[in-house]
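Chemist:
Numbering (our numbering), first residue to last: 1 to 122.
#1: Hey, is the stretch 102-111 in contact with the stretch 26-35, meaning 3+ C-beta pairs nearer than 8 Å?
#2: Out of 98, 103, 78, which has the shortest C-alpha to C-alpha gap to residue 17?
#3: Within 10 angstroms of the Cβ of residue 72, are there 16 or more other Cβ atoms? Answer buried if so, exposed if not.
#4: How is residue 38 classed by DSSP in three states: helix, strand or coil?
#5: Within 10 angstroms of the Cβ of residue 4, are there 16 or more other Cβ atoms? Answer buried if so, exposed if not.
#6: So what does DSSP say about residue 27, is it helix, strand or coil?
Next comes the structure, spelled out in structure tokens:
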């Protein structure tokens, strides 16, 4: 989804249903305003998102899992940090009506130096 690069959330109107169901991070929420808000969060992301290629499925089917990598600016160090994710989508009439996603927040926090590289022994 190039909207993560352009930050033109109006593009979601064509792609995402207004009442889209969203599952991930232990939450189950509804509404296009959530992905729009995520795109507009300051510093998230600042560079191109990379998505694995796959063909668009027929209406009403489950779009195969995607593996995006988002790049964020790290203000303290000036380095770019990456966060990987897995996303799956359900389409109806050519629009996303439901999606599931999980991100590697632990990996992002490790890159930022906010948690140790190795988990300490218990």
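Cβ coordinates follow ideal geometry from the N, Cα and C atoms, glycine included.
Modeler: According to the structure data:
#1: no
#2: 98
#3: buried
#4: helix
#5: buried
#6: strand
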